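First up is the structure itself, then whatever we jot down about it.
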Amino acid sequence: MHPQRKQKLLIILFMLGGISLAVTLMLVALKENINLFYTPSQIAAGEAPKQQTIRAGGMVVAGSVRRSDDDLTVRFDVSDGSHAVTLSFTGILPDLFREEQGIVALGKINDDGEFIASEVLAKHDENYMPPEVADAMEKAKFVKKYQDTEAY
Amino acid sequence: MWTRLKRLYHKMGSPKWFYQISTLCSKWCMAVGSVLMLTGVVWGLAFAPADYLQGNSFRIIYVHVPASLLSQSAYIMMAVAGLVGLVWKMKMSFVVAKVIAPIGASLAILSLLTGAIWGKPTWGTWWVWDARLTSMLILLFLYFGVIAIYNAIENDEMANKAAALLAIVGSINIPVIKYSVEWWNTLHQPATITLSKKPTMAPEMFIPLVLTIFGFYCWFAVWVFARARNEVLLKERRTKWVRALVQARQHKSQIGGDA
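Going line by line, the protein sequences match chains A and B.
Counting in the numbering used here, the first sequence runs from 3 upward without gaps.
Counting in the numbering used here, the second sequence runs from 24 upward without gaps.
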């Protein structure tokens, strides 16, 4: 390669490397602010600020959804596998809200450690399948569960 | 092999040769792209099964994913073309970088719009400031920046250099977009299609998606060729070969008019 061109290429690559490093450091420093939501584990560890509007996200625990008799209030547990937080929300839930589905909620943690949500968003996962396949998978899961209990 | 590649590279630098070869490439891309797009779109919209959770609204994926992928690939192409132009002073590569910018910007807009339209029924919101959506918006602004430089700087050479530099620096955003869903908690789901793993999508939904993706790439090439050819003709309007071309066209249309 022509030495002049080589020098130019090196300058550009050096510049790109320097800026990448700066951006990386910035993103690492801002990590907590870039995260859209706190996980239940983070909330349990006290990492999430109390009495401040934050977002919390996780899976809706199966069988935990309780609806109020006289208004639109719904309470359910949100878990990330190791910890869970109880969430209460008054309003209309998104269509995709389901047990064992991910959600992201906006709200505040009150003194009792309950998360009072003002907005609940459904988080979609990366899996796409036709209803028949989903049914078949559900059935397989059920059969497996049944066989597992049979074994005891 | 190396010498052949080198010869091809030098040929590519010639506007006249580019004009001739792009006519042929463009036709092929148009034909292949049309077949892929038509099959993919009809299959995806009419025949692919509905998703078990989202129902029919998932079908926007057949526009959203190709547009998002391509707007990022286009950015990389623009940055690489800019780099080649800066270092090796290749005229044609600056032309390619220049014509890609508005196309990439429109694809980024398409991606953001279709994403918002899908987000409302699925997530329950049009927009959320998560890492994926925000970095994608930054990509659009980078495209706007590149376009603005071309329009703001009168001197062509200066404009080319400045725009190429911005394109190269902005390419840092591409890995950020790609890995945003893994590095941070986001509302946007992780990638369905990855090179390393099996797609987390049923094959009868996945195949039409692949077809539309490749269809988008073909039509992108057609679009780039068309704009680049325009640019070449405009830049080379005083050269002998362009004049001969124009004269031949005029002659042809005159004959056509008489008949």
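Each residue gets a CB set at the ideal place from its N, CA and C atoms; glycine is no exception.
Nothing here was measured: the structure is a model prediction, and the numbers come from that model.
For residue i, the nearest candidate out of the options (CA to CA)
i: B:Met224; options: B:Val110, B:Leu76 and B:Leu165; result: B:Leu76
i: A:Arg100; options: A:Val87, A:Ala47, A:Ile111 and A:Asp79; result: A:Asp79
i: A:Glu116; options: A:Met17, A:Asn129 and A:Lys52; result: A:Lys52
i: B:Ser129; options: B:Thr209, B:Ser94 and B:Ser45; result: B:Ser94
i: A:Ala119; options: A:His85, A:Met131, A:Leu74 and A:Glu49; result: A:Leu74
i: B:Gly63; options: B:Lys143, B:Phe237 and B:Ser203; result: B:Phe237
i: A:Asp127; options: B:Phe117, B:Leu218 and B:Gln212; result: B:Gln212
i: B:Phe41; options: B:Ala97, B:Arg252, B:Pro125 and B:Lys258; result: B:Arg252
i: B:Ile191; options: A:Met3, A:Leu18 and A:Pro5; result: A:Leu18
i: A:Gln44; options: A:His85, A:Lys8 and A:Pro132; result: A:His85
i: A:Phe91; options: A:Met3, A:Glu134, A:Arg68 and A:Asp97; result: A:Arg68
i: A:Gly93; options: B:Lys258, B:Lys29 and B:Gly147; result: B:Gly147
i: B:Ile170; options: B:Leu160, B:Ile195 and B:Gly127; result: B:Gly127
i: A:Thr55; options: A:Glu121, A:Glu134 and A:Pro133; result: A:Glu121
i: A:Met28; options: B:Asn196, B:Ile99, B:Ser91 and B:Gly168; result: B:Asn196
i: B:Trp150; options: B:Leu210, B:Ala214 and B:Val245; result: B:Leu210
i: B:Leu218; options: B:Trp207, B:Asn208, B:Trp206 and B:Lys201; result: B:Lys201
i: B:Pro125; options: B:Val247, B:Arg27 and B:Arg266; result: B:Val247
i: A:Ala46; options: A:Gly20, A:Gly83, A:Val76 and A:Val25; result: A:Gly83
Under 9 Å from the C-beta of residue i: neighbouring residues of chain A
i: B:Asn208; result: Ile36, Asn37, Leu38, Phe39, Tyr40, Thr41, Arg57, Gly59 and Val106
i: B:Ala73; result: Pro132 and Pro133
i: B:Met159; result: The contacting residues do not exist; B:Met159 stays about 14 Å from chain A at best.
Supposed close pair residue i, residue j - CB separation, criterion 8 Å
i: B:Pro89; j: B:Met228; result: That belief does not hold up - the Cβ atoms of B:Pro89 and B:Met228 are roughly 14 Å apart, past 8 Å.
i: B:Ala249; j: B:Ser49; result: 7 Å
i: A:Val106; j: A:Leu123; result: 5 Å
i: B:Pro231; j: B:Gly67; result: 4 Å
i: B:Val110; j: A:Leu11; result: 5 Å
i: B:Ala145; j: B:Ser45; result: The residue asked about is misnamed: residue 145 of chain B is Thr in this sequence, not Ala. Between B:Ser45 and B:Thr145 the Cβ distance is about 41 Å, and since that is not below 8 Å, they are no contact.
i: B:Lys39; j: B:Trp264; result: 5 Å
i: B:Ser203; j: B:Ser158; result: 5 Å
i: B:Ile123; j: B:Ala139; result: That pair is no contact at about 24 Å.
i: B:Val74; j: A:Met131; result: Reading off the sequence shown, one finds Asp at residue 74 of chain B, where the question assumed Val. Indeed, because the Cβ distance is near 7 Å, the residues count as touching under 8 Å.
i: B:Thr137; j: B:Ile83; result: 5 Å
i: A:Pro133; j: A:Val87; result: Going by Cβ atoms, the distance from A:Pro133 to A:Val87 rounds to 31 Å, so no, they are not a contact pair.
i: B:Val118; j: B:Glu205; result: Actually they do not touch by this definition, with Cβ atoms about 36 Å apart.
i: B:Thr235; j: B:Met113; result: About 32 Å separates the two Cβ atoms, so there is no contact after all.
i: A:Asn129; j: B:Asn208; result: Actually they do not touch by this definition, with Cβ atoms about 19 Å apart.
i: A:Ala64; j: A:Glu102; result: 5 Å
Chain-ordered chain B contacts of residue i [CB-CB under 7 Å]
i: A:Arg7; result: Val110 and Trp111
i: A:Ile2; result: Nothing in the structure corresponds to residue 2 of chain A, since chain A is present only between 3 and 154.
i: A:Glu128; result: Gln212, Pro213, Ala214, Thr215 and Thr223
i: A:Ala119; result: The contacting residues do not exist; A:Ala119 stays about 12 Å from chain B at best.
i: A:Ala136; result: Tyr75
i: A:Val25; result: Ile195
Contact set between residue i and chain A, taken where Cβ atoms lie within less than 7 Å
i: B:Ile191; result: Ile14 and Leu18
i: B:Leu106; result: Ile14
Proximal residues of chain D, C-beta to C-beta of residue i below 9 Å
i: A:Leu98; result: The chain inventory of the structure shown lacks chain D, comprising the protein chains A and B.
Cβ-based burial, residue i [other Cβ within 10 Å; buried from 16]
i: B:Trp25; result: exposed
i: A:Ser81; result: buried
i: B:Val269; result: exposed
i: B:Arg155; result: buried
i: B:Met115; result: buried
i: B:Trp152; result: exposed
i: B:Lys121; result: buried
i: B:Ala282; result: Residue confidence is low: B:Ala282 scores 47 on pLDDT, short of 50, so the model does not pin down where it sits. Its coordinate-derived value is still stated next. B:Ala282 comes out exposed.
i: A:Thr61; result: The sequence given here places Met at residue 61 of chain A; Thr does not occur at that position. Per the 10 Å Cβ criterion, buried.
i: A:Tyr40; result: buried
i: B:Tyr166; result: buried
i: B:His87; result: buried
i: A:Asp71; result: exposed
i: A:Ala58; result: buried
i: A:Ala50; result: buried
i: B:Tyr32; result: exposed
i: B:Ser194; result: buried
i: A:Pro96; result: buried
i: B:Ser37; result: exposed
i: A:Asn35; result: exposed
Cross-chain neighbours of residue i in chain B, by beta carbon under 8 Å
i: A:Ser22; result: Ile195
i: A:Lys125; result: Trp146, Leu210 and Gln212
i: A:Lys10; result: Leu109 and Val110
Closer than 8 Å at the beta carbon, the chain A residues around residue i
i: B:Phe70; result: Under the 8 Å cutoff, chain A gives no residues; its nearest Cβ is about 11 Å from B:Phe70.
i: B:Phe81; result: Tyr130
i: B:Met228; result: Tyr130, Met131 and Pro132
Are the segment 99–111 of chain B and the segment 42–61 of chain B in contact at 8 Å, needing three or more beta carbon pairs? no
Three Cβ pairs or more, each shorter than 8 Å: is that satisfied between the segment 132–143 of chain B and the segment 172–185 of chain B? No, because fewer than three Cβ pairs between the segment 132–143 of chain B and the segment 172–185 of chain B fall closer than 8 Å, the two stretches do not touch.
Report yes or no: do three or more beta-carbon pairs, one from the segment 236–246 of chain B and one from the segment 179–186 of chain B, lie closer than 8 Å? no
contact_flag[the segment 132–144 of chain A, the segment 111–118 of chain A] where n(CB pairs < 8 Å) is 3 or more: no
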